[in-house]
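S.K.: For the sequence shown, position 49 (counting from the first letter as 1) is numbered 49 according to my numbering, and the numbering increases by one without interruption. Even for Gly, the Cβ is constructed at its ideal location relative to N, Cα and C.
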Amino acid sequence: MNYIELVEKKINEILTKFYQLKQENILLKRELEKEKQKKQQVRIKVEKLLQKIEELNIDK
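Shown next as structure tokens:
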């Protein structure tokens, strides 16, 4: 192999790794967004429960 072929091979390896990392990043962002949505749903449920508790306390 000559120098140019080695450089081309290395560039291709780097590009392959880059695209793999990019795909992994996309998947991780999706997971993170799902977790954020879950947290938001839990937060809303907790707020509703707290409101109900407060209403019950007021009624007493």
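In whole angstroms, give me the CA-to-CA distance for K36 and V46.
M.R.: Cα-Cα distance, rounded: 15 Å.
S.K.: Put N12 into one of helix, strand or coil per three-state DSSP.
M.R.: N12 falls in the helix class under three-state DSSP.
S.K.: Please report the distance separating the alpha-carbon of K52 from that of R43.
M.R.: 14 Å
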